[in-house]
Each structure stands twice: as C-alpha cells, then as structure tokens.
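Q: Starting off with a structure, shown below.
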Amino acid sequence: MTSAVWTRYEAPIGPLLLAATEEGLVLVVFRADEETSARAVAAVGRRLGCTPVEDAAALAPVTAQLDDFFAGTRKDFDLPLDWSLVTGFQRRVLRELAGGVPYGQVASYQDLADRVGEPDAARAVGAAMGANPLPVVVPCHRVVESGGGIGGFGGGLEIKRQLLALEGVLPAPLF
673 MTSAVWTRYE APIGPLLLAA TEEGLVLVVF RADEETSARA VAAVGRRLGC TPVEDAAALA
733 PVTAQLDDFF AGTRKDFDLP LDWSLVTGFQ RRVLRELAGG VPYGQVASYQ DLADRVGEPD
793 AARAVGAAMG ANPLPVVVPC HRVVESGGGI GGFGGGLEIK RQLLALEGVL PAPLF
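Position in the sequence shown counted from 1, then plus 672, gives you our numbering.
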C-alpha cells in the first residue's frame with residue numbers, strides 16, 4: 673500500500689497544498705485554504721488508496737526548494753516526482769514540459785504537441801496543462817498561446833502572471 677504525507681506551504685502566490693509519496697512529490701494545489709486542502713487530501717488519498725498524514729518535516733526538502741524558487745535563487749527543481757496521478761498523453765506532455773521548457777522561457781501549446789509527436793493535439797496539451805497535478809514544479813505556467821496570448825491556468829491568470837513575472841517573462845504585476 674502506498675503511503676502519503678502532506679502539508680500546507682505559504683507561498684507568495686498564496687497557500688499551496690503539497691503531498692508526497694515514497695516515490696516523490698505527487699500533488700501541488702493552489703489556493704489551499706483549509707476546505708480546499710481537506711478536499712485535496714481526501715481526493716489524493718482515494719486515488720492512492722491510503723490516508724495521507726500531515727507531516728511538514730517530511731516535505732521540508734520541497735518547501736526549501738520552493739523558498740529558493742520564490743526568492744529567485746533557484747531556477748530548477750531537483751525533487752523526485754511521483755507521476756502516478758497522470759498517465760498516457762498527459763504524462764508524456766508533462767514530462768516534456770518538466771525537462772524541456774527552462775526557467776524564464778515559454779512554449780506554446782502547439783510547440784509541446786509537436787515535441788511529443790502529436791501535432792494535431794494542441795488543445796489536448798491545454799487539457800493536460802489544466803490537469804497538471806504538480807504545478808509550479810512542473811511549470812505549466814510557462815505554456816502560452818501561439819499567438820502571444822497568456823492562455824489559461826488552473827490556478828488563475830493572476831497567479832500565472834505572478835509566476836511569469838518572477839521568471840522575468842512578463843513585467844511584474846502592479847498589485
């Protein structure tokens with residue numbers, strides 16, 4: 673049986689719920705107030721077949737790297753990731769994103785579709801980004817529209833703008 677731990681992390685973009693298994697980080701959830709966190713912990717427990725336990729110490733390596741990222745001193749995450757919540761096309765796209773779109777750069781939905789050998793699947797890439805269980809660490813905020821638009825974002829466009837501004841892709845928001 674898989675076991676999982678979780679904690680809430682106070683990020684500059686708002687609270688994040690972090691969950692991990694023995695394999696690695698498995699889930700990052702935006703806007704993690706108490707109610708959202710409780711729902712996410714229950715859902716990940718159902719998916720993994722376990723009861724996640726709150727354990728901030730177990731997730732200290734993750735929070736330390738997030739601290740560095742938000743401070744602007746970390747460009748790449750060096751964390752084990754548990755990909756068990758994604759399969760097939762979505763997993764291929766997210767792995768390509770994680771390894772192929774570095775800090776401070778963006779890629780289009782079409783570019784990612786081309787990179788995974790599915791040139792007619794730009795919309796499916798968008799769906800994969802929207803279902804990314806590991807945002808920030810697997811940087812779906814770096815995926816934009818081919819025509820220059822910012823595109824969508826599961827955490828909300830204001831968070832996407834903040835993350836892109838942190839990486840120097842967009843001017844810093846005025847709020």
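Every residue, glycine too, gets a C-beta built ideally from N, C-alpha and C.
Does the segment 799-818 come close enough to the segment 832-845 to have 3 or more Cβ pairs within less than 8 Å?
A: Touching, per the Cβ criterion.
Q: With DSSP collapsed to three states, give me the class of residue 745.
A: Residue 745: coil per DSSP, three-state reduction.
Q: If you check the beta carbons only, do residue 734 and residue 690 fall under 7 Å apart?
A: Cβ atoms of residue 734 and residue 690: closer than 7 Å.
Q: Measure the C-alpha to C-alpha separation of residue 773 and residue 787 and round it to an integer number of angstroms.
A: Looking at the two C-alpha atoms, the distance is approximately 11 Å.
Q: Which same chain residues end up closer than 6 Å to residue 688 when comparing Cβ atoms and leaving out the 5 residues on each side of it in sequence?
A: Cβ within range, chain order: 681, 700, 704.
Q: Could you tell me the distance, in whole angstroms, from the CA atom of residue 802 to the CA atom of residue 824?
A: Approximately 8 Å between the Cα atoms of the pair.
Q: On the three-state DSSP scale, how would you describe residue 817?
A: Residue 817 falls in the coil class under three-state DSSP.
Q: Would you check if the segment 758-772 and the segment 712-721 touch, i.e. whether three or more CB-CB distances between them fall below 8 Å?
A: These segments do not touch.
Q: Under a Cβ-count criterion, where at least 16 other Cβ atoms within 10 Å of its own Cβ denotes burial, should residue 709 be classed as buried or exposed?
A: Residue 709 comes out buried.
Q: Hey, residue 756 and residue 782 are a contact pair by Cβ (cut 8 Å); roughly how many whole angstroms apart?
A: Not confirmed; about 28 Å, so no contact.
Q: Measuring only the C-alpha atoms, how far is residue 765 from residue 675?
A: Distance between the alpha carbons of residue 765 and residue 675 is about 26 Å.
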